[in-house]
Amino acid sequence: MKTFAFVLVALCLAVAVSGDMCHFDCYNVDPTSGQQAKQSLLQACGVTDYKFGTTSANNLAAIYMMAPPAGCQLAVCARYPSEDAITTYRNDCEHPKPQYAVLNGKGAGRYDAPCTACPTS
241 MKTFAFVLVA LCLAVAVSGD MCHFDCYNVD PTSGQQAKQS LLQACGVTDY
291 KFGTTSANNL AAIYMMAPPA GCQLAVCARY PSEDAITTYR NDCEHPKPQY
341 AVLNGKGAGR YDAPCTACPT S
């Protein structure tokens with residue numbers, strides 16, 4: 241019976257995790273001001289599960305689908321319930337908010353890709 245319960249719980253967790261979508265953003269901005277702006281954006285937009293990484297602080301290749309392009313100074317991978325939620329976040333929340341100018345105002349561009357793994361904390 242314990243084995244059956246364990247398998248059932250594992251199956252439920254697998255289903256829950258498989259429904260998650262992750263999105264990776266890479267910005268060429270100062271890591272400190274950029275992280276503050278991105279964290280403020282994520283929280284204002286109701287995204288509570290995200291992981292920051294920089295080339296000097298984390299092994300991004302282990303967190304994301306691919307290493308960020310050269311010059312990436314701030315990277316973040318956030319978890320969303322669906323692809324539609326990612327689109328809504330980007331179009332209806334991220335871009336209109338003033339914090340986004342800090343992230344996108346440096347003229348260096350932005351890189352987006354699916355994450356291989358969602359943040360765990």
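In the working numbering, the protein residues as written are 241 to 361.
Every residue gets a Cβ at the ideal spot worked out from N, C-alpha and C, and that includes glycine.
* Cα-Cα separation between T272 and N331, rounded to whole angstroms -> In the sequence shown, the residue the question calls residue 272 occupies position 32. In the sequence shown, the residue the question calls residue 331 occupies position 91. Approximately 24 angstroms between the Cα atoms of the pair.
* Under the three-state DSSP convention, the category V316 falls into -> Reading the sequence shown from its first residue, position 76 is the one you call residue 316. The answer is strand: DSSP assigns V316 an E or B state.
* Among the residues of its own chain, which have a CB less than 7 angstroms from the CB of D270, if the five just before and after it don't count? -> As a working mapping, residue 270 is identified with position 30 in the sequence shown. Here the set comprises Q313.
* Count the other CB atoms, across all protein chains shown, that sit within 10 Å of the CB of A284; report buried if there are 16 or more and exposed otherwise. => Here residue 284 refers to the residue found at position 44 of the sequence shown. Counting Cβ neighbours within 10 Å, A284 comes out exposed, since fewer than 16 surround it.
* Asked: Between which two residues does the beta strand (DSSP E) carrying Y267 extend?
  -> Working through the sequence shown from its first residue, we reach residue 267 at position 27. Counting along the chain, the beta strand (DSSP E) containing Y267 begins and ends at M261 to Y267.
* Beta carbon of D260, beta carbon of V316: below 7 angstroms? -> Counting from one through the sequence shown, the residue named residue 260 turns up at place 20. Counting from one through the sequence shown, the residue named residue 316 turns up at place 76. No. Outside cutoff.
* To the nearest angstrom, how far is it from the Cα of Y290 to the Cα of R319? -> For the purposes of this step, residue 290 is identified with residue 50 of the sequence shown, where counting begins at 1. For the purposes of this step, residue 319 is identified with residue 79 of the sequence shown, where counting begins at 1. Distance between the alpha carbons of Y290 and R319 is about 6 angstroms.
* A341, buried or exposed, once every other Cβ within 10 Å from all chains shown has been counted against 16 -> As a position in the sequence shown, residue 341 is number 101, starting the count at 1. Classification for A341: exposed.
* What number of angstroms, rounded off, separates the C-alpha of E334 from the C-alpha of P321? -> As a working mapping, residue 334 is identified with position 94 in the sequence shown. As a working mapping, residue 321 is identified with position 81 in the sequence shown. If you take the alpha carbons of E334 and P321, they lie about 17 angstroms apart.
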